[in-house]
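J.: Before anything else, here's the structure in question.
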Ligand code: SF4
Ligand code: SF4
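Residue numbers (the numbering used here), protein chains in the order written: chain A, 2 to 60; chain B, 170 to 678.
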């Protein structure tokens with residue numbers, strides 16, 4: 002027996018926040034590659050640092 | 170022969186699920202033992218009963234008259250006896266009751282005398298509109314606006330185009346599709362009358378390209394009527410919400426209906442094929458609007474299809490007739506999955522605006538806890554009215570209603586596209602509806618308080634005027650009194666002096 006949400010539309014779209022964020026990450030990959038190319042591998046350290054801090058504080 | 174099609178922004182490609190209910194012909198639903206007819210099945214003032222409990226009525230007999238201008242009559246869908254006039258649950262999202270007339274049918278289905286008009290051109294447009302009004306015809310697309318008003322060009326407008334909206338863009342619904350396939354001639358009868366009443370120069374019949382059978386049927390019917398040369402069938406791409414009045418106008422004529430204006434302001438009037446068919450039946454056959462085609466479909470309806478159903482038929486009976494797998498108390502949807510509303514009970518009647526009963530949806534949206542808005546802008550991309558739903562959401566939520574108006578909240582057609590694509594699953598349309606009702610309430614309150622203030626001010630003015638008048642009168646009275654007094658005193662004076670003079674002369678003598 003289906004349970005509806007209280008108001009229309011009753012159809013579910015496929016869009017999710019996770020999907021959106023993965024798209025953002027996808028779009029960042031070329032940027033990271035270009036940065037490493039121009040400014041050296043130090044950029045990767047920055048990125049790793051930023052990502053880990055973000056993950057720790059989010060979780 | 171036609172101009173290139175226009176386009177509207179946004180929109181969605183949705184899975185249609187229409188095949189499910191277009192496998193068989195339109196079937197007639199059997200007459201229920203009891204028919205419940207809400208007095209208000211249209212936009213405007215509720216009809217007023219003109220029958221009493223215990224009266225015998227015939228099929229098609231008028232049982233309630235129109236009240237005021239924006240209103241239509243109501244008719245008995247079958248012969249029988251009136252058993253009750255009073256409150257009954259109606260199919261409304263609020264679950265409220267409303268005044269209804271209940272008829273116990275006798276199964277004979279005996280018609281009243283039908284006044285058929287063979288040549289409607291012998292009558293004036295005004296007479297035809299009156300008949301259409303008396304036949305209780307309202308827009309059968311879903312809103313239920315009295316049709317006779319939309320067939321009146323009025324003195325300020327001239328109507329160039331009659332647009333018949335056969336787009337039927339919402340998933341699952343197929344009642345217009347089936348009607349166009351099976352009763353194309355009847356629809357064209359209505360179109361001729363509508364063109365005559367509107368004095369319109371051309372008619373466009375817009376049909377989405379996912380209905381090839383309907384297009385073929387309408388083309389075939391049209392080819393048999395050489396005098397309808399000003400009518401053309403335009404095939405529009407399938408996209409939700411092409412069937413929205415303003416969106417369809419944009420697609421078909423490349424014109425936009427301005428904000429706060431109606432299509433008639435740009436010379437276009439839009440009607441539903443079902444309405445056209447009803448108009449034809451009313452004028453040429455003398456049959457008032459007493460039934461409609463209802464799509465019954467969904468994942469829990471194995472034999473989905475379209476059913477010609479008398480108004481007042483309990484949805485319960487219809488669902489039993491269609492052999493649905495619905496559990497008792499399972500909620501279902503009236504209307505489509507994008508713009509319809511869910512109903513809980515099934516002891517509710519089919520009304521003039523019930524185009525579809527949907528039991529079970531394929532990709533049903535579960536109740537979800539909305540996440541915060543990430544301002545991705547996907548909602549703005551799909552909005553067919555070019556609004557910014559994320560801003561509207563923000564301001565509706567903050568109850569900043571002036572701002573929502575600045576962002577043209579009232580152009581929102583509540584199509585639900587923004588809701589559908591929102592990754593955070595925010596119930597945007599609910600927010601917009603809330604804001605709209607809230608603004609309308611405020612407006613009403615403002616109007617009321619304006620009236621009250623005016624009344625108060627005029628009362629104060631009146632009191633002041635009365636006080637002044639009283640004072641004036643008093644002053645006048647006083648003045649008059651003083652004048653008479655003075656006059657009297659003078660008189661007395663003069664008599665006194667005369668007397669004195671007399672006595673003096675007497676003394677002298
Ligand atoms: S789609 Fe949803 S999350 Fe994205 S901007 Fe619109 S309201 Fe916000
Ligand atoms: S519901 Fe309103 S705001 Fe949302 S997409 Fe439709 S018209 Fe635009």
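From the three backbone atoms N, C-alpha and C, an ideal C-beta is built for every residue, glycine too.
1. Could you tell me if residue 11 of chain A is buried or exposed, where buried requires 16 or more neighbouring beta carbons within 10 angstroms of its beta carbon?
2. Alpha carbon to alpha carbon, how far is residue 392 of chain B from residue 512 of chain B? Give it in angstroms, no decimals.
3. Give a yes or no on whether the C-beta atoms belonging to residue 21 of chain A and residue 207 of chain B are separated by under 7 Å.
4. Nearest to residue 427 of chain B by alpha carbon, out of B:455, B:435 and B:343?
5. At a Cβ threshold of 7 Å, is residue 25 of chain A touching chain B?
6. Is residue 542 of chain B near ligand 2, judged by its Cβ being under 6 Å from some heavy atom?
7. With 7 Å as the threshold, decide whether the Cβ of residue 190 of chain B is near any Cβ in chain A.
8. Are residue 305 of chain B and residue 265 of chain B close, meaning C-beta to C-beta below 7 Å?
9. By DSSP, does residue 389 of chain B sit in helix, in strand, or in coil?
10. Roughly how many angstroms separate the alpha carbons of residue 34 of chain A and residue 46 of chain A, rounded to a whole number?
11. Thinking C-beta only, is residue 330 of chain B closer than 7 Å to residue 371 of chain B?
12. Does residue 540 of chain B get closer than 7 Å to chain A when you measure Cβ to Cβ?
13. Whether or not the stretch 366–386 of chain B and the stretch 417–425 of chain B are in contact is what I'm after, with contact meaning three or more pairs of Cβ atoms, one per stretch, closer than 8 Å; do they touch?
14. Nearest chain A C-beta to residue 170 of chain B closer than 7 Å, yes or no?
15. Once DSSP output is grouped into helix, strand and coil, what is the label at residue 183 of chain B?
16. Could you give the first and the last residue of the continuous beta strand (DSSP E) run that contains residue 688 of chain B?
17. Kindly indicate which residue of B:399, B:321 and B:529 has the alpha-carbon position closest to the one of residue 295 of chain B.
18. Should residue 588 of chain B be counted as a contact of ligand 1 given a C-beta to heavy atom distance under 6 Å?
19. Any idea what DSSP makes of residue 221 of chain B, helix, strand or coil?
20. Given this structure, state the Cα-to-Cα distance separating residue 338 of chain B from residue 564 of chain B, to the nearest angstrom.
21. Using the three-state DSSP reduction, which class does residue 43 of chain A fall into: helix, strand or coil?
22. Quick one: what's got a C-beta closer than 7 Å to residue 189 of chain B's C-beta in the same chain, skipping five residues either side?
23. Answer yes or no: does any C-beta atom of chain A fall closer than 7 Å to that of residue 609 of chain B?
24. Pick helix, strand or coil for residue 341 of chain B, following the three-state DSSP scheme.
25. Just the Cα atoms here: how many angstroms apart are residue 657 of chain B and residue 644 of chain B?
26. Taking the beta carbon of residue 263 of chain B as the centre, do at least 16 other beta carbons fall within 10 Å, making it buried, or is it exposed?
27. Here's a check: name, in chain order, each residue in its chain whose Cβ is nearer than 6 Å to the Cβ of residue 509 of chain B, leaving out the five neighbours to either side.
28. Contact criterion: CB-CB distance below 7 Å. Does residue 12 of chain A meet it with respect to chain B?
29. Please classify residue 569 of chain B as buried or exposed, where buried requires at least 16 other C-beta atoms within 10 Å of its C-beta.
30. Which of the three DSSP states, helix, strand or coil, is assigned to residue 375 of chain B?
31. Beta-carbon separation of residue 441 of chain B and residue 407 of chain B under 7 Å?
32. Can you give the Cα-Cα distance for residue 181 of chain B and residue 222 of chain B, rounded to whole angstroms?
33. Measuring straight from C-alpha to C-alpha, what distance separates residue 170 of chain B and residue 276 of chain B?
34. For residue 283 of chain B, does the count of other Cβ atoms within 10 angstroms reach 16, so buried, or fall short, so exposed?
35. For residue 595 of chain B, go through chain A and note every residue whose CB falls closer than 8 Å to its CB, in chain order.
36. Kindly indicate which three-state DSSP category residue 659 of chain B falls into: helix, strand or coil?
T.: So, from the listed chains and residues:
1. buried
2. 43 Å
3. With respect to the 7 Å criterion, residue 21 of chain A and residue 207 of chain B are not classified as neighbours on the basis of their beta carbons.
4. B:435
5. Judged by the 7 Å Cβ criterion, residue 25 of chain A is not in contact with chain B.
6. no
7. no
8. At least 7 Å separates the beta-carbon of residue 305 of chain B from that of residue 265 of chain B.
9. Shown here, residue 389 of chain B sits in a helix according to DSSP, grouped into three states.
10. 13 Å
11. yes
12. At a cut-off of 7 Å between C-beta atoms, residue 540 of chain B counts as an interface residue with respect to chain A.
13. yes
14. Low confidence applies to residue 170 of chain B: its pLDDT is 45, below 50, so where it sits in the model is not reliable, and the reading given next is rough at best. Residue 170 of chain B is outside the set of residues whose beta carbon lies under 7 Å from a beta carbon in chain A.
15. coil
16. This structure leaves residue 688 of chain B out entirely; chain B is present only between 170 and 678.
17. B:321
18. no
19. Note: residue 221 of chain B maps to coil in three-state DSSP.
20. 30 Å
21. helix
22. 466 and 473
23. no
24. coil
25. Their Cα atoms are separated by approximately 19 Å.
26. exposed
27. 502 and 503
28. yes
29. exposed
30. strand
31. no
32. Rounded to whole angstroms, residue 181 of chain B to residue 222 of chain B spans 50 Å at the Cα level.
33. Since pLDDT at residue 170 of chain B reaches only 45, below the 50 mark, its modelled position is unreliable, and no value is offered.
34. exposed
35. Within 8 Å Cβ-Cβ: nothing; residue 595 of chain B doesn't reach chain A, min ~11 Å.
36. helix
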